[in-house]
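Structure, as structure tokens:
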Amino acid sequence: MTEKKLWAGRFNQPTDAFVEAFTASVEFDQRLAEYDIQGSMAHARMLARQGILGDDECERIIQGLERIRNRIAAGDFPWSVALEDVHMNIEAALTDDIGDAGKKLHTGRSRNDQVATDVRLWLRDEIHIIQQETRRFQQALLQIAEREAETILPGFTHLQTAQPVTFGHHMLAWFEMLQRDHGRFEDCAIRMNELPLGAAALAGTTYPIDREFSAELLGFDRPCANSLDAVSDRDFAIEFSAAASILMMHLSRMSEELIIWSSAQFGFITLSDSFCTGSSIMPQKKNPDVPELVRGKSGRVFGHLMGLLTLMKSQPLAYNKDNQEDKEPLFDTVDNLKGCLKVFADMVPEITCNQEAMRNATLKGFATATDLADYLVRKGTPFRDAHEVVGKAVALCVERGCDLSDLSLQELQGFSASITEDVFDFLTLEGSVAARNHIGGTAPKQVRLAIAAAWDRIRQQP
Ligand code: ARG
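With positions in the sequence shown counted from 1, the corresponding number in the numbering used here is that position plus 81.
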């Protein structure tokens, strides 16, 4: 195949061998080949429709690109570093195959609008896959939430026992995080769905092109409104990385909880053996490697966001070669994000809840102290006084090493005369959660309503 540089006309000396490899991107941007071909086919069709290319030339280009597509799929394409990037590799192969018509494909186009188009086409598909995986994970959460709607565990603030909550309610908290993540990807996909092609190198082109037609062929909502902006900005990549980082931050929080919950000291859950590994030295170990690795991978995704922001910072208009550096961080972000979502969606349904351990933990740490205060308020005590009274009762329990519900009625009445026999109904864990019976509350009844509403929400926007 020709290895002659497609831009060599004005050069008298060959490229330095190291510089050739240093400036090439084909090793990684060949991943965009399918989108480069789609973009080229649409461009050729638009040129033919506008009479800039002959219909026969267009046909040969399309057929030639189809053959290249098949060769690439078969692993039978000679990627060449001398041809720098995916765009020039494909164009050179096309010209090798079909001759002069191949040389006409680049009419009214530049690699600058070409690459900006390829990356958007590729990312649009990836976002779609990421959204589907997010939905699969959310469905798994709703299934567990249904199963464990009544299961009680300690709710924490500051990782100190706060109030009893239901496990279903906790799973729904994760569901909500993912719901917003899904929406962020949706927003990003909508905003980036504008076509750069036609911007050419930076200023547009002198040919009578029809950018709206190209946009329609490629499924974009419209052409980018400004050619300088079209070839130069990568804010869509940054926006995607920000959404990816937020999702990874959420996954890292979930990971952390799974790791804590599966420790011997908590013992709230058991992760399936198929998602854990052992230790080569300590025979007893079953390590939560999957959530640990996901927690760790959040670091590289956040790093890529910083990398892309820094890449774009202070770049003058329009295209600069700096932008070639957008691809590896984006590819790595997408690969890792998809991996993390997949492994969570697969792992979460396999979690076993150890209800007994959760219950016993909830009985420690005075999780129903707020319920006692609320009880006193209902009997006419101002909340601040009630808070004080319960604080004293808790201090006594700490001294004795017992729970509030272990105090006798007489002892409780020593703290407040308005306490009567019915107080014990409010000091049970079931009573505590059932009482939080309003939208967004932890009562099993509300959890079931929220689950039903959640199924509707994801059905409405699959
Ligand atoms: N490989 C380049 C990139 O990824 C393609 C665009 C190159 N354009 C240029 N004028 N050198 O950005």
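Every residue, glycine too, gets a C-beta built ideally from N, C-alpha and C. These numbers were taken from a predicted model, which means no experiment stands behind them.
Put Ile233 into one of helix, strand or coil per three-state DSSP. Numbered from its first residue, the sequence shown carries residue 233 at position 152. In the structure shown, Ile233 sits in a strand (DSSP, three-state: E or B).
Along the chain, where does the beta strand (DSSP E) that runs through Gln241 open and close? As a working note, residue 241 is residue 160 in the sequence shown. Residues 241–247.
Below 8 Å on the Cβ atoms is my contact criterion, and I expect Ala324 with Arg265 to pass it. Report the Cβ-Cβ distance as a whole number of Å. On the sequence shown, residue 324 is found 243 positions in, with the first residue counted as 1. On the sequence shown, residue 265 is found 184 positions in, with the first residue counted as 1. Their Cβ separation, rounded to whole angstroms, is 4 Å, which keeps Ala324 and Arg265 in contact under 8 Å.
To the nearest angstrom, report how far apart Ala282 and Gly380 are at their CA atoms. Along the sequence shown, one-based indexing puts residue 282 at 201. Along the sequence shown, one-based indexing puts residue 380 at 299. Rounded to the nearest angstrom, the two C-alpha atoms are 35 Å apart.
Would you say the beta carbon of Ser106 is closer than 7 Å to some non-hydrogen atom of the ligand ARG? Walking along the sequence shown from the start, residue 106 turns up at place 25. Ser106 Cβ: within cutoff of the ligand ARG.
Could you give the DSSP three-state label for Asn93: helix, strand or coil? One-based indexing of the sequence shown puts residue 93 at position 12. Of the three classes helix, strand and coil, the one that applies to Asn93 here is coil, per DSSP.
According to DSSP, is Leu490 helix, strand or coil? Your numbering for residue 490 matches position 409 in the sequence shown. Helix at Leu490.
Buried or exposed: Glu172, going by 16 or more other Cβ atoms within 10 Å of its Cβ? Within the sequence shown, residue 172 is the residue found at index 91, counting from 1. Glu172 is buried by the Cβ-count criterion.
Do you know how far the Cα of Gln111 is from the Cα of Glu409? To locate residue 409, count along the sequence shown from 1; it is residue 328. To locate residue 111, count along the sequence shown from 1; it is residue 30. Near 12 Å, if we compare the C-alpha coordinates of Gln111 and Glu409.
Alpha carbon to alpha carbon, how far is Leu202 from Trp88? As a first step, residue 202 must be located in the sequence shown, where it is residue number 121. As a first step, residue 88 must be located in the sequence shown, where it is residue number 7. Rounded to whole angstroms, Leu202 to Trp88 spans 26 Å at the Cα level.
What's the call for Val479, buried or exposed, on a 16-neighbour Cβ count within 10 Å? Position 398 of the sequence shown, counted from the start, is the residue given in the question as residue 479. By the 10 Å Cβ count, Val479 comes out exposed.
Given a threshold of 16 other Cβ atoms within 10 Å of its Cβ, counted over all protein chains shown, does Val100 qualify as buried or as exposed? In the sequence shown, counting from the first residue as 1, residue 100 sits at position 19. It counts as exposed.
Taking all protein chains shown into account, do 16 or more other C-beta atoms lie within 10 angstroms of the C-beta of Thr449, making it buried, or fewer, making it exposed? Position 368 of the sequence shown holds residue 449. Answer is buried; the Cβ neighbour count reaches 16.
So who's on the other strand from Arg303, going by DSSP bridges? Reading the sequence shown from its first residue, position 222 is the one you call residue 303. DSSP output for Arg303 lists Glu275 as bridge partner(s).
Report yes if the C-beta distance between Ala454 and Ala467 is below 8 Å; otherwise report no. Position 373 of the sequence shown, counted from the first residue, corresponds to residue 454. Position 386 of the sequence shown, counted from the first residue, corresponds to residue 467. Their beta carbons are under 8 Å apart, which means Ala454 touches Ala467 by this criterion.
Once DSSP output is grouped into helix, strand and coil, what is the label at Asn401? One-based indexing of the sequence shown puts residue 401 at position 320. Asn401: coil per DSSP, three-state reduction.
Tell me Cys434's beta-bridge partners as DSSP assigns them. On the sequence shown, position 353 is the one that residue 434 refers to. Ile350, per the DSSP bridge assignment.
State the start and end residues of the unbroken alpha helix (DSSP H) segment that holds Tyr116. Locating residue 116 in the sequence shown gives position 35, where the first residue counts as 1. Element bounds for Tyr116: 114–130.
Taking 7 Å as the cut-off, is the CB of Lys86 close to at least one heavy atom of the ligand ARG? As a first step, residue 86 is located in the sequence shown; it is residue number 5 there, counting from the start. No, since every heavy atom of the ligand ARG falls outside the 7 Å radius drawn around the Cβ of Lys86.
Gln111 beta carbon near the ligand ARG (any heavy atom closer than 7 Å): For the purposes of this step, residue 111 is taken as the residue at position 30 of the sequence shown. For the ligand ARG, not one heavy atom lies less than 7 Å from the Cβ of Gln111.
Is Asn193 helix, strand or coil by DSSP? For this step, residue 193 is matched to residue 112 along the sequence shown. Here Asn193 sits in helix by DSSP.
When the Cα of Gly249 is compared with those of Glu431, Lys526, Arg540, which residue comes out closest? Looking up residue 249 in the sequence shown gives position 168. Per the Cα distances, Lys526.
Find the nearest neighbour of Ser191 within the set Leu278, Phe158, Thr96, Thr391, judged by alpha-carbon distance. Along the sequence shown, read from residue 1 onward, the residue named residue 191 stands at position 110. Comparing Cα positions, the closest option is Leu278.
With DSSP run on the structure shown, which of helix, strand or coil describes Asn518? Here the question's residue 518 lines up with position 437 in the sequence shown. Reduced to three states, the DSSP call for Asn518 is coil.
Is Tyr400 near the ligand ARG, in the sense that its beta carbon is under 7 Å from a heavy atom of that ligand? To locate residue 400, count along the sequence shown from 1; it is residue 319. Answer for Tyr400: yes, Cβ within range of the ligand ARG.
Here's the rule I'm using: 16 or more other beta-carbon atoms within 10 Å means buried, otherwise exposed. How should Leu490 be labelled? Numbered from 1 along the sequence shown, position 409 holds the residue referred to as residue 490. Under this definition Leu490 is an exposed residue.
Give every residue of the same chain whose Cβ lies closer than 7 Å to the Cβ of Asn435, excluding the five residues on either side of it in the sequence, and list them in chain order. Here residue 435 refers to the residue found at position 354 of the sequence shown. So the list reads Gly348, Phe349, Ile350, Thr351, once near-sequence residues are dropped.
Label Ile142 either buried or exposed according to how many other C-beta atoms from any shown protein chain fall within 10 Å of its C-beta, with 16 as the threshold for buried. Against the sequence shown, residue 142 aligns to sequence position 61. Buried, because 16 or more other Cβ atoms sit within 10 Å of the Cβ of Ile142.
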